[in-house]
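Trainee: Handing you this structure, nothing more for now.
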């Protein structure tokens with residue numbers, strides 16, 4: 008079966024390249040280095056810097072790349088990037104895995120401000136529409152020196168449209184229809200008059216869902232629809248500075264629920280999100296600028312189980328974050344600059360199964376120095392201090408460099424400290440699942456609950472060692488990269504990385520009630536590491552043809568597991584003879600959900616004076632496993648693995664007039680499916696898009 012798929016893949020690639028070469032042979036070479044010089048990154052330093060000068064591993068997904076892809080939601084385009092994997096989480100949502108680090112350790116930003124709503128530990132990236140996004144910046148490696156908690160693995164910053172240079176109206180409106188009655192309608196409008204720019208965007212997205220298993224009563228993915236609305240303005244007051252205001256609303260209704268799992272009756276989930284961001288920027292002196300960000304965001308998720316006449320059960324989640332961030336930048340005559348910032352966070356949560364209404368208040372101060380030591384060497388060092396109300400304060404350093412050996416050869420290196428504070432769930436949760444026979448208690452409530460159970464003689468045993476305060480999970484991140492331009496249109500980049508992760512928070516059995524229910528709570532226990540290499544190359548043999556190839560090699564392992572396998576205390580059972588046998592270090596595979604190998608290929612061809620585009624992408628993910636199938640608590644070679652597989656996407660964009668564009672998109676061209684293990688891949692899908700632009 009795999010041989011057939013590979014043969015089909017090779018045939019498709021060969022045919023595509025032959026068609027392209029027959030019509031483009033002999034065109035002039037373009038310079039990718041010149042193109043990259045025009046791109047800037049703000050996420051790496053919290054200030055604009057040319058992409059080619061960034062000292063840390065970074066990736067930009069441009070607006071053109073987003074539009075050519077055919078994708079509508081953030082999770083779809085993210086999973087096509089090298090070194091990034093989207094992994095399923097609780098309730099069917101998918102999170103981002105950077106350099107083998109779990110999704111809950113990657114910070115997701117919109118215009119530099121954090122998204123909230125980690126209902127089940129990770130963010131649902133599918134709630135973000137791609138319609139009004141200008142670009143997506145990806146920074147790999149610990150970034151807590153600038154961004155604080157959750158940036159242990161890296162940062163993904165979604166940059167929205169910032170206006171236009173010319174006066175008048177510009178915008179677009181499109182409608183896309185695809186498999187499973189998926190509809191995507193969006194409009195994005197900008198209007199500029201002198202110093203004032205008005206911005207507006209609207210998106211409606213719906214799907215009937217799909218069912219991969221015919222002999223059950225439920226769909227694999229239930230029907231849902233959502234609306235996104237954004238409004239804002241930019242007002243340039245000349246010497247008095249500039250104000251940029253953005254407001255966004257998101258509303259979704261979905262059949263089915265995450266937490267309400269009892270059989271029968273109708274279930275539905277409703278999500279409401281709103282945020283407002285006010286940015287003020289001004290050059291207060293010749294070489295000194297100030298940025299003030301005032302941000303408020305609120306995320307609500309309500310689940311209801313509805314009987315014939317009334318609501319039987321509910322589950323509610325209501326999180327709010329307020330942030331003030333003030334930043335000063337001082338530039339020197341040598342091109343170096345200092346950045347100093349400080350701010351305040353106020354976060355609160357109201358949630359079913361949390362009896363309190365916990366609040367987190369924290370203050371932060373950060374400093375960064377971008378130093379051009381000479382024409383060849385750029386050194387960036389930074390430090391951030393976070394003072395938290397409920398747990399120990401954190402100091403997060405980072406240092407990185409870029410050395411230009413020549414105009415073709417460049418070296419990069421970075422070291423960073425990252426951390427993630429315990430979340431509300433790990434501190435305050437009080438959840439009992441009587442049907443499955445367990446209780447989960449946060450560390451701030453377990454002592455009181457255990458004392459009450461003991462007084463009522465309801466405890467068989469209780470291990471008090473686990474009721475200590477949690478500390479922040481943290482990591483040391485190392486990256487070293489080499490970039491070499493074989494010629495201006497053929498760069499190759501190699502990046503070696505290592506992430507040492509400490510104080511991982513895990514749920515453990517801490518007691519048992521007299522009725523047999525198991526009590527779980529959280530503690531800092533494990534250490535782990537991820538390490539590997541990323542290799543990326545971009546080749547443009549002719550002006551209209553662009554090839555991108557990327558490969559990641561990843562090793563991700565638990566330190567305790569390594570010790571147990573070395574000590575020869577881990578066993579597996581032969582499925583036929585039922586006899587146990589001892590495992591060795593060579594049998595240990597690593598952490599769950601990690602693939603040893605990942606390959607991405609992107610073939611991009613422009614036609615009709617670069618207006619039309621044919622885009623073909625291949626993504627290969629090597630074998631991985633999500634569960635311990637032989638019940639020895641570790642992932643070893645005798646567990647059941649999900650086979651390595653290819654996902655291929657093909658899109659064609661055609662301008663039928665100056666302002667009208669059509670797009671045909673085939674997702675998962677080879678029709679790959681694994682119903683038992685990968686229920687987020689329903690098979691081959693088609694869509695058609697009609698777009699009007701002004």
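In this note's numbering, the protein residues as written are 8 to 701.
For glycine and all other residues, C-beta sits at the position ideal for the given N, C-alpha and C.
Bear in mind that the values here come from a model prediction, so they are computed numbers and not experimental data.
#1: Keeping to the same chain, check which residues put their C-beta closer than 6 angstroms to that of residue 29; ignore five residues upstream and five downstream.
#2: What residue range does the alpha helix (DSSP H) around residue 135 cover?
#3: Straight-line CA distance for residue 203 to residue 296?
#4: For a cutoff of 8 angstroms on Cβ pairs, would you count residue 242 as touching chain C?
#5: State buried or exposed for residue 35, treating a residue as buried only when at least 16 other CB atoms are found within 10 Å of its CB.
#6: Taking the alpha-carbon of residue 307 as reference, which of 359, 283, 124 has the nearest alpha-carbon?
#7: So residue 431 is in the alpha helix (DSSP H); what residue range does that whole segment cover?
#8: By DSSP's criteria, residue 527 is part of a beta bridge. Which residues make up the other side?
#9: Among residues of its own chain, excluding the 5 on either side of residue 178, which ones have a beta-carbon nearer than 8 angstroms to its beta-carbon?
#10: What span of residues does the beta strand (DSSP E) with residue 669 cover, start to end?
#11: How about residue 142 and residue 68: do their beta carbons lie closer than 8 angstroms?
#12: So what does residue 281 bridge to, in DSSP terms?
#13: In whole angstroms, give me the CA-to-CA distance for residue 672 and residue 697.
#14: In three-state DSSP terms, what is residue 646?
#15: Is the CB-CB distance between residue 65 and residue 146 below 8 angstroms?
#16: Taking 8 angstroms as the limit between beta carbons, can you name the residues of its chain near residue 398, skipping five residues before and five after?
#17: From the DSSP output, which residues share a beta bridge with residue 180?
#18: By DSSP's criteria, residue 565 is part of a beta bridge. Which residues make up the other side?
#19: If you pair each beta-carbon of the stretch 627–644 with each one of the stretch 569–580, do three or more pairs fall below 8 angstroms?
#20: So is residue 577 buried or exposed if we call it buried at 16+ other beta carbons inside 10 Å?
#21: Assuming the contact rule is C-beta atoms closer than 8 angstroms, residue 653 and residue 679 should be a hit. Round their C-beta distance to whole Å, please.
#22: Rank 365, 395, 381, 406 by C-alpha distance to the C-alpha of residue 375 and give the top, closest one.
#23: Terminal residues of the continuous alpha helix (DSSP H) containing residue 71?
#24: Hey, would you say residue 139 sits closer than 8 angstroms to residue 167, going by beta carbons?
#25: Among 604, 324, 529, which residue has its Cα nearest to the Cα of residue 452?
#26: Helix, strand or coil for residue 404, going by three-state DSSP, please let me know.
#27: Can you check which of these residues, 359, 301, 220, 628, is closest to residue 2 by C-alpha distance?
#28: Using a Cβ-Cβ cutoff of less than 6 angstroms, which residues in the same chain neighbour residue 342 once the five nearest sequence positions on both sides are dropped?
#29: Tell me which residue opens and which closes the beta strand (DSSP E) that residue 658 is part of.
#30: Rounded C-beta distance between residue 82 and residue 284? I'm assuming under 8 angstroms.
#31: Return helix, strand or coil for residue 457, following the three-state DSSP convention.
#32: Do the CB positions of residue 115 and residue 137 come within less than 8 angstroms of each other?
Mentor: Taking the geometry as given:
#1: Low local confidence applies: a pLDDT of 40 at residue 29 is under 50, so the model's placement there is unreliable, with the coordinate-based value given in what follows. Here the set comprises nothing.
#2: Taken as a continuous stretch (DSSP letters only), residue 135 belongs to no alpha helix (DSSP H), as it is neither H nor E.
#3: 21 angstroms
#4: Judged by its chain identifiers, the structure shown contains no chain C, having just a single protein chain.
#5: Annotation note: pLDDT 37 at residue 35 (below 50); position unreliable, coordinate value reported separately. It is exposed - the Cβ of residue 35 has fewer than 16 other Cβ atoms within 10 Å.
#6: 124
#7: 431–435
#8: 447, 516
#9: 194, 195, 196, 197, 700, 701
#10: 667–674
#11: yes
#12: 256, 305
#13: 12 angstroms
#14: coil
#15: yes
#16: 428, 429, 476, 477, 478, 479
#17: 194, 699
#18: 535
#19: yes
#20: buried
#21: 6 angstroms
#22: 406
#23: 70–76
#24: yes
#25: 529
#26: strand
#27: In the structure as shown, the chain begins at 8 and stops at 701. Residue 2 is therefore absent and cannot be evaluated.
#28: 379
#29: 652–662
#30: Actually they are not in contact, since the Cβ atoms of residue 82 and residue 284 sit about 22 angstroms apart, beyond 8 angstroms.
#31: helix
#32: no
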